[in-house]
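Those sequence lines, one after another, are chains A and B. No gaps in the numbering here: position 77 of the first sequence is 77 in my numbering, and each next residue is one more. Just add 114 to the spot in the second sequence (first one is 1) and you have my numbering. Every residue, glycine too, gets a C-beta built ideally from N, C-alpha and C. Report on one structure; see the data block that follows.
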Amino acid sequence: NAGVTQTPKFQVLKTGQSMTLQCAQDMNHEYMSWYRQDPGMGLRLIHYSVGAGITDQGEVPNGYNVSRSTTEDFPLRLLSAAPSQTSVYFCASRPTGGSNYGYTFGSGTRLTVV
Amino acid sequence: KNEVEQSPQNLTAQEGEFITINCSYSVGISALHWLQQHPGGGIVSLFMLSSGKKKHGRLIATINIQEKHSSLHITASHPRDSAVYICAVRYLGAQKLVFGQGTRLTINP
Chain A
1 NAGVTQTPKF QVLKTGQSMT LQCAQDMNHE YMSWYRQDPG MGLRLIHYSV GAGITDQGEV
61 PNGYNVSRST TEDFPLRLLS AAPSQTSVYF CASRPTGGSN YGYTFGSGTR LTVV
Chain B
115 KNEVEQSPQN LTAQEGEFIT INCSYSVGIS ALHWLQQHPG GGIVSLFMLS SGKKKHGRLI
175 ATINIQEKHS SLHITASHPR DSAVYICAVR YLGAQKLVFG QGTRLTINP
């Protein structure tokens with residue numbers, strides 16, 4: 001099925017561990033982004049990319065790294081997990097080249113850091 | 115202060131009622147999005163607006179660019195409409211979305 005695929009759906013990490021959240025889309029969307037969703041905070045942008053080889057920081061980038069080696073994939077790396085990174089993470093994509101395109105969201109990854 | 119303000123934060127209504135959720139923003143935008151999130155679920159894009167009005171089934175979204183305001187209406191509400199509705203805007207010249215805090219809607223049978 002076309003869309004945005006996020007893996008894993010659930011993950012528990014110990015403080016200090018590293019992991020990568022995967023995001024892949026098969027719609028040839030240039031723009032991809034990562035958000036975290038916390039109770040009472042709404043969705044906040046972590047990092048985004050407007051195309052392969054190009055990434056930029058969002059509102060809350062600290063503790064996270066990204067790369068965009070292909071159009072399809074936009075992984076989010078936690079180098080040393082902290083309890084403050086317990087959250088639900090969403091990846092989203094859209095075409096660029098104008099404002100008349102909606103976003104497609106992945107189903108989310110629920111991360112708990114203990 | 116959030117740049118995108120939604121009201122109300124919580125709304126409980128009876129099945130069949132007409133529902134209105136409001137969204138206000140601060141500066142010029144290229145697009146406004148309405149999103150739906152069911153409990154424990156993913157996020158679905160309902161509408162993208164840059165002007166006027168859009169309708170999909172029982173859902174209607176309007177935007178007033180001059181007043182920097184948008185509304186999402188649900189006609190003949192149903193318990194399956196119970197969800198969090200999120201307004202998000204893309205400001206002129208920007209790539210990223212700015213999100214409202216969401217409106218939690220509960221429709222009782």
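Could you tell me the alpha carbon to alpha carbon distance between Gln-180 of chain B and Leu-78 of chain A, rounded to whole angstroms? It is roughly 42 angstroms from the alpha-carbon of Gln-180 of chain B to the alpha-carbon of Leu-78 of chain A.
Leaving out five residues before and five after Thr-7 of chain A in sequence, what residues of the same chain have Cβ atoms less than 6 angstroms from its Cβ? Gln-22.
Interface flag, Phe-10 of chain A vs chain B, CB-CB below 8 angstroms: Phe-10 of chain A does not count as touching chain B.
Flag Gly-58 of chain A as yes if its beta-carbon sits less than 8 angstroms from any beta-carbon of chain B, otherwise no. With 8 angstroms as the cut-off, Gly-58 of chain A counts as an interface residue toward chain B.
Between the C-alpha atoms of Ser-164 of chain B and Met-27 of chain A, what's the straight-line distance to the nearest angstrom? Their Cα atoms are separated by approximately 23 angstroms.
Uninterrupted beta strand (DSSP E) stretches inside the stretch 37–75 of chain A (no shorter than 3 residues): The qualifying runs are 42–51, 54–57, 64–66.
Residue environment, Arg-194 of chain B, which counts as buried when at least 16 other CB atoms sit within 10 Å: Looking at its Cβ environment, which holds fewer than 16 other Cβ atoms inside 10 Å, Arg-194 of chain B is exposed.
Could you check the C-alpha separation between Ala-202 of chain B and Val-50 of chain A for me, to the nearest Å? Rounded to the nearest angstrom, the two C-alpha atoms are 19 angstroms apart.
Under 8 angstroms from the C-beta of Tyr-48 of chain A: neighbouring residues of chain B: For Tyr-48 of chain A, the chain B residues whose C-beta falls within less than 8 angstroms of its own C-beta are Gln-209, Lys-210, listed in chain order.
Span of the beta strand (DSSP E) around Lys-169 of chain B: Run containing Lys-169 of chain B: 166–170, per the beta strand (DSSP E) assignment.
Strand pairing of Thr-134 of chain B, partner residues [DSSP]: According to DSSP, which records beta bridges pairwise, Thr-134 of chain B is partnered with B:His-187.
For a quick check, are the C-beta atoms of Ser-93 of chain A and Gln-25 of chain A less than 8 angstroms apart? For Ser-93 of chain A and Gln-25 of chain A, yes; Cβs fall inside 8 angstroms.
Contact set for Gln-17 of chain A: own chain, Cβ-Cβ below 7 angstroms, skip 5 residues either direction: Within the same chain, Gln-17 of chain A has close Cβ partners Ala-81.
Residue nearest to Tyr-31 of chain A in terms of C-alpha spacing, selected from A:Lys-9, A:Glu-72, A:Ser-107, A:Val-88: Minimum Cα distance to Tyr-31 of chain A is reached at A:Glu-72.
Excluding sequence positions up to five away, which residues of its chain have a Cβ less than 7 angstroms from the Cβ of Thr-176 of chain B? The beta carbon of Thr-176 of chain B is closer than 7 angstroms to those of Lys-167, Ser-184, Ser-185 in its chain, skipping five residues each way along the sequence.
Helix, strand or coil at Gln-215 of chain B according to DSSP, with G and I counted as helix: It is coil, neither helix nor strand.
For Ile-54 of chain A, collect the residues of the same chain with a Cβ closer than 7 angstroms to its Cβ; drop the 5 residues on either side in sequence, then sort them by chain order. Around Ile-54 of chain A: Arg-68.
With a Cβ-Cβ cutoff of 8 angstroms, do Val-12 of chain A and Thr-104 of chain A count as a contact? It is not a contact, given that the beta carbons lie outside the stated cut-off.
Should Leu-206 of chain B be labelled buried (16 or more other beta-carbon atoms within 10 Å of its own) or exposed? Classification for Leu-206 of chain B: exposed.
Since Met-19 of chain A is in the beta strand (DSSP E), which residue starts that stretch and which ends it? Met-19 of chain A: member of the beta strand (DSSP E) spanning 19–25, first to last residue.
Just tell me which of B:Thr-126, B:Thr-217, B:Lys-210 has its CA closest to the CA of Glu-119 of chain B. In terms of Cα proximity to Glu-119 of chain B, the closest of B:Thr-126, B:Thr-217, B:Lys-210 is B:Thr-217.
Counting contacts by CB-CB distance shorter than 8 angstroms, is Phe-132 of chain B in contact with chain A? Cβ-Cβ to chain A under 8 angstroms: no for Phe-132 of chain B.
According to the Cβ coordinates, are Leu-211 of chain B and His-147 of chain B closer than 8 angstroms? Their beta carbons are under 8 angstroms apart, which means Leu-211 of chain B touches His-147 of chain B by this criterion.
For the beta strand (DSSP E) that contains Ile-174 of chain B, what are its first and last residues? Bounds of the beta strand (DSSP E) holding Ile-174 of chain B are 173–178.
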